[in-house]
Amino acid sequence: MKWQLKGKRPDDWDKQKHMIRFIRKTTVIAELELRKILHDPTEILLRGVQPALWLLIFGQVFQRMHPINDSIPYIDFMTPGILAQSVLFISIFFGIAIIWERDLGLTQKFLVTPTPRTALVLGKALSAGLRSLPVMLIIYILAALLKVHLNLHPLAILTVALTVILGAVLFSTFSLIIACLVKTRERFMGIGQVLTMPLFFASNAIYPINIMPRWLQVLSHGNPLTFMINILRHNMLHSSIAVNDLPDTGLLFLISSFLVVIGGSLYKRVVT
């Protein structure tokens, strides 16, 4: 009856221990993935080239045109969308690393360990999110140089960073699921290229939803990238309209959790 006096049942302690082990194993996997960046730090600079081109060329050109959103300058409107695009591009091809690991025999070694499959998937997905943070810093620096009216409140920046990680978890896990299903680099690259552009252009990254055709508005409202951009735009810009982030954040979290569970169940298929 000791457990009754302490207010804890044995089942509760077992669940807590299981959760602690799950978190520890997840962070170990994420750390292993992040060490790859330390061996090749130039990857971060290369990742920052594409958003720089979008902001410095595309953004500057469209800044001179008639504004599509009268409330904020176009370069301001575009900056959160380019950050979301960068996270998408970093994450959507993350699954190809799973195929490379299979070819090197690393996946088989992971599978024979007692680490839960969902911890393997979540750890790798979190590393994709952490890889996106330096790109976020690059975009903030470029935006400041371009005189974007940024919201530099610490809480707003923290919210942006957490949203970047959550979005990267979602799209990298989606990428991993595709890799588990197609199993070859050639097919994966083809599917990844097909999916990236529709996700980007069917969002409110570079134009508002209200100027889209009706059918594209419907797609945009169901696009996870749009949920992510809504949160980023609200927290990155001083002149943004106040919105409630909870619905978009909740949807991103639910979709990410669902994909992590699916990815964990499919992870072993990459070697079969």
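Each step along the sequence shown adds one to the number in the UniProt record's numbering, with nothing skipped, and position 54 is 54.
Even for Gly, the Cβ is constructed at its ideal location relative to N, Cα and C.
Same chain only: Cβ atoms within 7 Å of residue i, ignoring 5 sequence neighbours per side
{"i": "I206", "result": "M78, G81"}
{"i": "L252", "result": "L166, G167, L170, P224, F227, M228"}
{"i": "R185", "result": "I96, I99"}
Cα-Cα separation, residue i to residue j
{"i": "L181", "j": "A52", "result": "34 Å"}
{"i": "F22", "j": "A168", "result": "20 Å"}
{"i": "I141", "j": "W100", "result": "34 Å"}
{"i": "R102", "j": "L162", "result": "30 Å"}
{"i": "M1", "j": "Q16", "result": "Here the model assigns M1 a pLDDT of 43, short of 50, so the residue's position is not dependable, and the following value carries that caveat. M1 and Q16: Cα-Cα distance of roughly 20 Å."}
{"i": "T249", "j": "K183", "result": "31 Å"}
{"i": "L130", "j": "V218", "result": "31 Å"}
{"i": "L56", "j": "P116", "result": "44 Å"}
{"i": "L216", "j": "L195", "result": "15 Å"}
{"i": "I72", "j": "F201", "result": "20 Å"}
Contact check, residue i vs residue j, beta carbons under 9 Å
{"i": "G264", "j": "T107", "result": "no"}
{"i": "I165", "j": "G95", "result": "no"}
{"i": "I122", "j": "V260", "result": "Note that residue 122 is Leu in the sequence shown here, rather than Ile. Taking 9 Å as the Cβ cut-off, L122 and V260 qualify as a contacting pair."}
{"i": "S175", "j": "S132", "result": "no"}
{"i": "F171", "j": "L88", "result": "yes"}
{"i": "I75", "j": "L146", "result": "yes"}
{"i": "L237", "j": "L150", "result": "yes"}
Residues of its chain near residue i, where Cβ-Cβ distance is below 6 Å and the 5 sequence neighbours each way are ignored
{"i": "T159", "result": "N235"}
Residue i - containing alpha helix (DSSP H), residue span
{"i": "M236", "result": "224-236"}
{"i": "T184", "result": "Taken as a continuous stretch (DSSP letters only), T184 belongs to no alpha helix (DSSP H), as it is neither H nor E."}
{"i": "V112", "result": "Here V112 belongs to no alpha helix (DSSP H), and DSSP marks it neither H nor E."}
{"i": "I96", "result": "96-104"}
{"i": "I92", "result": "74-92"}
{"i": "L246", "result": "246-266"}
{"i": "S220", "result": "214-221"}
Residues near residue i in its chain [Cβ-Cβ closer than 8 Å; skip 5 each side]
{"i": "W54", "result": "M78, I82, Q85"}
Opposing strand residues paired with residue i [DSSP bridges]
{"i": "L152", "result": "Answer is none; L152 lacks a bridge partner."}
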